[in-house]
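Student: Below: one structure in structure tokens.
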Amino acid sequence: MDLPSIALQRAVEQLSRLPGVGKRSALRYAMHLLKMNGPEVQDFADAIVRLKTDVHHCHLCHNLSDSETCPICSSPKRQRSIVCVVENVQEVMAIENTQQYRGLYHVLGGVISPIDGVGIHDLTIDALFERVRTGQPDPIEEVILALPTTMEGDTTNFYINKQLAPLGVKVSVLARGIAVGDNLEYTDEITLGRSIVNRVPFAQ
24 MDLPSIALQR AVEQLSRLPG VGKRSALRYA MHLLKMNGPE VQDFADAIVR
74 LKTDVHHCHL CHNLSDSETC PICSSPKRQR SIVCVVENVQ EVMAIENTQQ
124 YRGLYHVLGG VISPIDGVGI HDLTIDALFE RVRTGQPDPI EEVILALPTT
174 MEGDTTNFYI NKQLAPLGVK VSVLARGIAV GDNLEYTDEI TLGRSIVNRV
224 PFAQ
């Protein structure tokens with residue numbers, strides 16, 4: 024794509040690096056930015072920079088946060104004896120949108136997938152075990168496995184359950200209102216909410 028401006032060309036190239044954004048869409052976004060006034064463009068640029076500099080992972084659950092501890096982990100209104108294990112941050116958002124769950128979370132950052140080169144130590148599984156084993160900062164009575172209903176998700180479920188068994192903690196999974204192969208972030212809120220409320224004990 025030949026463009027009349029080197030600056031425009033660079034903007035299009037950077038925008039097209041975003042997932043799902045092709046060259047034509049990137050050009051449309053760049054042209055829209057050109058029509059915005061100076062302060063609006065500066066606000067846009069500042070928001071992108073602050074996304075990288077100011078957003079951190081919660082030291083406890085690994086959710087995204089502006090501070091060391093995320094609002095969910097620091098809230099006195101949460102049920103602190105229950106931890107819901109999810110693959111990624113988007114799934115925390117999906118479950119929160121159901122307004123059916125009031126416990127805490129643990130974000131793994133993925134699932135075990137040897138084909139993709141993702142092993143146990145690439146995830147935050149050991150940190151989950153440490154939370155349960157030490158009972159710090161709160162004693163854990165139940166771990167809900169809310170991972171994708173895929174082969175990789177089931178493998179991760181099986182591994183976590185096997186490691187938690189000697190610790191005497193209750194392990195449950197979402198009720199199978201969610202179709203096999205579905206990711207939680209794409210599941211409708213009613214189905215996801217009911218799956219949490221009607222969770223069942225994990226069965227190997």
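Take any residue in the sequence shown, note its place counting from 1, add 23, and you have its number in this note's numbering.
Glycine is no exception: its CB is placed at the ideal position from the N, C-alpha and C atoms.
(1) Between which two residues does the alpha helix (DSSP H) harbouring Tyr52 extend?
(2) Distance check for Lys193 and Val134, CA to CA, integer angstroms please.
(3) Decide if His55 is buried, meaning its Cβ has at least 16 other Cβ atoms within 10 Å, or exposed.
(4) Does DSSP put Arg33 in a helix, a strand or coil?
(5) Would you mind listing the alpha helix (DSSP H) stretches within the stretch 105 to 149 that are 4+ residues and don't spill past its ends, in chain order?
(6) Contact between the stretch 119 to 128 and the stretch 91 to 106: three or more CB pairs below 8 Å?
(7) Go to Ile167, then tell me how far its beta strand (DSSP E) extends in each direction, as first and last residue.
(8) By the 10 Å Cβ neighbour count, where 16 or more other Cβ atoms means buried, how is Pro6 classified, buried or exposed?
(9) If you reduce the DSSP assignment to three classes, tell me which class Gln159 lands in.
(10) Does the Cβ of Ile201 have 16 or more other Cβ atoms within 10 Å, making it buried, or fewer, making it exposed?
(11) What span of residues does the beta strand (DSSP E) with Ala100 cover, start to end?
(12) Using alpha carbons as the reference points, say which of Thr76, Ser98, Pro99 lies closest to Asp89.
(13) Among Asp145, Pro160, Glu164, Arg156, which residue has its Cα nearest to the Cα of Thr179?
(14) Helix, strand or coil for Val196 per DSSP?
(15) Let me know the secondary structure DSSP gives Leu83 once reduced to three states.
(16) Straight-line CA distance for Gln123 to Arg101?
(17) CB Asn111 to CB Cys96, shorter than 9 Å?
(18) Pick out whichever of Ser28, Thr92, Ala117, Ala150 has its Cα sitting closest to the Cα of Ala169.
Tutor: So, from the listed chains and residues:
(1) Your numbering for residue 52 matches position 29 in the sequence shown. From DSSP, the alpha helix (DSSP H) with Tyr52 extends over 46 to 58.
(2) For the purposes of this step, residue 134 is taken as residue 111 along the sequence shown, with counting starting at 1. For the purposes of this step, residue 193 is taken as residue 170 along the sequence shown, with counting starting at 1. Their backbone Cα atoms lie some 21 Å apart in a straight line.
(3) For the purposes of this step, residue 55 is taken as residue 32 along the sequence shown, with counting starting at 1. Exposed.
(4) Residue numbering aside, residue 33 sits at position 10 when the sequence shown is read from its first letter. For Arg33, the three-state secondary structure derived from DSSP is helix.
(5) Runs found: 112 to 121.
(6) They touch, by the three-pair rule.
(7) For this step, residue 167 is matched to residue 144 along the sequence shown. 165 to 168 is the extent of the beta strand (DSSP E) around Ile167.
(8) Coverage of the chain is limited to positions 24 through 227, which leaves residue 6 absent and any answer about it impossible.
(9) To locate residue 159, count along the sequence shown from 1; it is residue 136. The answer is coil: DSSP assigns Gln159 none of H, G, I, E or B.
(10) As a working note, residue 201 is residue 178 in the sequence shown. The predicted position of Ile201 is uncertain, since its pLDDT is 49 and thus under 50; a value taken from the coordinates is nonetheless stated next. When all chains shown are included, Ile201 counts as buried.
(11) On the sequence shown, position 77 is the one that residue 100 refers to. According to the sequence displayed, residue 100 carries Lys and not Ala. No beta strand (DSSP E) contains Lys100, which DSSP labels as neither H nor E.
(12) As a working note, residue 89 is residue 66 in the sequence shown. Between Asp89 and the set Thr76, Ser98, Pro99, the nearest pair of CA atoms involves Thr76.
(13) Reading the sequence shown from its first residue, position 156 is the one you call residue 179. With distances taken between Cα atoms, Thr179 lies closest to Asp145.
(14) Taking the sequence shown and counting its residues from 1, the one referred to as residue 196 is at position 173. DSSP places Val196 in the strand class (E or B) of the three-state scheme.
(15) Residue numbering aside, residue 83 sits at position 60 when the sequence shown is read from its first letter. Looking at Leu83 - three-state DSSP - the assignment turns out to be coil, as it is neither helix nor strand.
(16) Here residue 123 corresponds to residue number 100 of the sequence shown, with the count starting at 1. Here residue 101 corresponds to residue number 78 of the sequence shown, with the count starting at 1. Using only the alpha carbons, I get a separation of about 12 Å.
(17) Start at 1 with the first residue of the sequence shown, and residue 111 comes out as number 88. Start at 1 with the first residue of the sequence shown, and residue 96 comes out as number 73. Cβ distance not < 9 Å, so Asn111 and Cys96 don't count as in contact.
(18) By one-based count along the sequence shown, residue 169 stands at place 146. Of Ser28, Thr92, Ala117, Ala150, the residue nearest in Cα terms is Ala117.
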